[in-house]
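Remarks on the structure that follows.
In the working numbering, the protein residues as written are 39 to 174.
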């Protein structure tokens, strides 16, 4: 199978489908509809049948802070190096566009993957924290 890396986010529906297929936490359609167009940079991987099978994006303020998120490869297409291709594209973009001293972070869910791009654990110097808005 052949894959094409595209510099664009997936559709809202496919974004939600990919997260669900990979067992990632749910996002509301409204939130995704608002958020995807505000990506600083996004990539998708499309298979030779034209189906989007991977995605990753960068969000942030475009200058001082960048957050890599929504990195997912559909389970049927894992093991093909697609995650590495997407990370290469994201880090190439960071290298070309982020100013000196910019802060780039991510929440890693795969041990030993992101270190190859220079990422380091922040603990014990800092701790990752989160807050999720609940339904009203």
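The beta carbon of each residue, even a glycine, is placed where N, CA and C say it ideally should be. Keep in mind that this is a model prediction, so the values were computed, not measured.
For residue 93, the pairing in a beta bridge is given by DSSP as 82 and 110. A residue is called buried when at least 16 other Cβ atoms come within 10 angstroms of its Cβ; residue 95 meets this threshold and is buried. The DSSP-derived three-state label of residue 169 is coil.
Cβ neighbours of residue 88 within its own chain (closer than 6 Å, five residues either side excluded): none.
Its chain contains 155 as the residues whose beta carbon lies nearer than 7 Å to that of residue 129, once the 5 sequence neighbours on both sides are disregarded; these appear in chain order. Here the region 66-86 does not lie against the region 154-170, with fewer than 3 beta-carbon pairs under 8 Å apart. For residue 54, the closest alpha carbon among the candidates 147, 127 and 112 is that of 112. Residue burial annotation: residue 91 is buried, with at least 16 other C-beta atoms found within 10 angstroms of its C-beta. The beta carbon of residue 45 sits closer than 7 Å to those of 81, all from its chain and outside the five residues before and after it, given in chain order. Bounds of the alpha helix (DSSP H) holding residue 71 are 67-73.
Residues 78, 104 and 105 of the same chain have their beta carbon placed closer than 7 Å to that of residue 98, with the five preceding and five following residues left out of the count.
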